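In terms of our numbering, the sequence shown is numbered consecutively and its last residue is 152.
We put the CB at the ideal spot given by N, CA and C, even for glycine.
A quick note: this is a predicted structure, and the numbers were derived from the prediction, not measured.
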Amino acid sequence: MRRERVGPVFWELFSLQEECELEKFVYVDELKPGFRNVNLYVKAIEKIAERDVVSRRDGSKHKLAEFTVGDETGVVLLTLWDERIEEVKLGKVYKISNGYTTLHQGSMRLNVGKYGSIEPVEDRDIEEVNTENDVSKRKFREFGRRDRRSRW
């Protein structure tokens, strides 16, 4: 991809996405919107909310929950669906493989998705989570998304 053909903001996000696609582990404070194939270790700190939602695509009902998870560098909101919600226990350390980041109303979220995994680990401990650095509270501008109510 050539930089001249895309805007500078997209180029920066694309370059950051490429960096994260390597088989390496990142820390929470390194996460940026649009990352794919994210691998990291996090500790589950708090269950924020759980609610029932209806899919816009097919009308099916699902459970959705958000957890605060983090490591020594910061915390981020993790969104989980259906049976994955029950897999997470507060205070435990998890390995997230092939996760991705999205923006929801300008705030970053960490997601596992159907191609990712979240597994408890016993051989790694995160003693102290840096709750002062909440990367989900950073506001980002969403590109390429239009208001659902407008035509354009």
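Looking only at its own chain, which residues have a Cβ that is under 6 Å from the Cβ of residue 118, when we skip the five neighbours before and after it?
The count along the sequence shown starts at 1 and reaches residue 118 at position 118. Cβ within range, chain order: 94, 96, 112.
Can you tell me the Cβ-Cβ gap for residue 31 and residue 76, rounded? I've got them flagged as a contact below 8 Å.
The count along the sequence shown starts at 1 and reaches residue 31 at position 31. The count along the sequence shown starts at 1 and reaches residue 76 at position 76. The Cβ separation is near 6 Å, so the contact holds.
Return the residue from the list 47, 38, 62 that minimises the CA-CA distance to residue 54.
For the purposes of this step, residue 54 is taken as residue 54 along the sequence shown, with counting starting at 1. Here the closest residue by C-alpha is 62.
Can you tell me which of the three DSSP states residue 85 falls into?
By one-based count along the sequence shown, residue 85 stands at place 85. DSSP places residue 85 in helix when its eight states are reduced to three.
Expressed to the nearest angstrom, what Euclidean distance is found between the alpha-carbon atoms of residue 108 and residue 60?
Here residue 108 refers to the residue found at position 108 of the sequence shown. Here residue 60 refers to the residue found at position 60 of the sequence shown. Rounded to the nearest angstrom, the two C-alpha atoms are 25 Å apart.
Whose CA, out of 131, 130, 133, 67, lies closest to the CA of residue 51?
Working through the sequence shown from its first residue, we reach residue 51 at position 51. It is 67.
Let's test the definition: count the other Cβ atoms within 10 Å of the Cβ of residue 121 and tell me whether it reaches 16, buried, or not, exposed.
Indexing the sequence shown from 1 puts residue 121 at position 121. It is exposed - the Cβ of residue 121 has fewer than 16 other Cβ atoms within 10 Å.
Report the partner residues of residue 96 according to the DSSP bridge assignment.
Taking the sequence shown and counting its residues from 1, one reaches residue 96 at position 96. As DSSP reads the structure, residue 96 sits in a beta bridge with 40, 118.
As a quick exercise: from 91, 35, 84, pick the residue whose alpha carbon is nearest that of residue 126.
The residue labelled residue 126 in the question sits at position 126 within the sequence shown. Closest option to residue 126, Cα to Cα, is 91.
Just to confirm my understanding: we take residue 47, look at its own chain, exclude 5 residues before and 5 after, and list those with CB closer than 7 Å. What are they?
Translated into positions along the sequence shown, residue 47 becomes position 47. Within the same chain, residue 47 has close Cβ partners 65, 67, 90.
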